[in-house]
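**Q** Be aware that the sequence shown starts at 2, since it is given in this note's numbering, and climbs by one per residue. Note that the Cβ used here is the ideal one computed from N, Cα and C, for glycine as well.
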Amino acid sequence: MEKMFNNTDFLVKCAVCNSSLDPGKIVVIDEKEKKTTLHSTCSKCNSAAIIFLSNNQNGVVSLGMATDLDVEEAKEKIGKEAISADEIIDLHQFVLGENADIVKLVKNI
Ligand SMILES: [Zn+2]
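#1: Does the beta-carbon of serine 55, which I'm using as the reference point, lie nearer than 8 Å to any heavy atom of ligand 1?
#2: Comparing the CB of asparagine 59 with every heavy atom of ligand 1, is any distance shorter than 8 Å?
#3: With a threshold of 16 other CB atoms inside 10 Å of the CB of serine 63, please say whether the residue is buried or exposed.
#4: According to DSSP, simplified to helix, strand and coil, what is lysine 33?
#5: Just to confirm my understanding: we take glycine 65, look at its own chain, exclude 5 residues before and 5 after, and list those with CB closer than 7 Å. What are they?
#6: Quick one: give me the first and last residue of the alpha helix (DSSP H) that alanine 75 is part of.
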């Protein structure tokens, strides 16, 4: 994550108030081979933005867009196909809930 921002310092400024964004408030909501979508929340003015990053032969191109979606809503709308860590945890807990009896689990399907 830190590595990723080495060449994209311009990203870490709020589009609204121009203050520095807290990297901890930048969340990857979708990641594809050459496209990454981020959601950022400014800790100063609290405005949210969706940032699209794409890699091409000219380097990294970013496009920021102010949004009123929060991280979860943005994930829902933009990163629909991406499996979040939460979903993996849910699945894990579901399997554990079945006493890890995978045979029984499969039979029920
Ligand atoms: Zn701001």
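**A** Taking the structure as given:
#1: Result no, Cβ not under 8 Å from ligand 1.
#2: Within the chosen limit of 8 Å, ligand 1 does not reach the beta carbon of asparagine 59 with any heavy atom.
#3: Result: exposed.
#4: In this structure, lysine 33 counts as coil in the three-state DSSP scheme.
#5: Closer than 7 Å at Cβ, skipping near neighbours: Ala16, Ala50 and Ile52.
#6: From DSSP, the alpha helix (DSSP H) with alanine 75 extends over 72-79.
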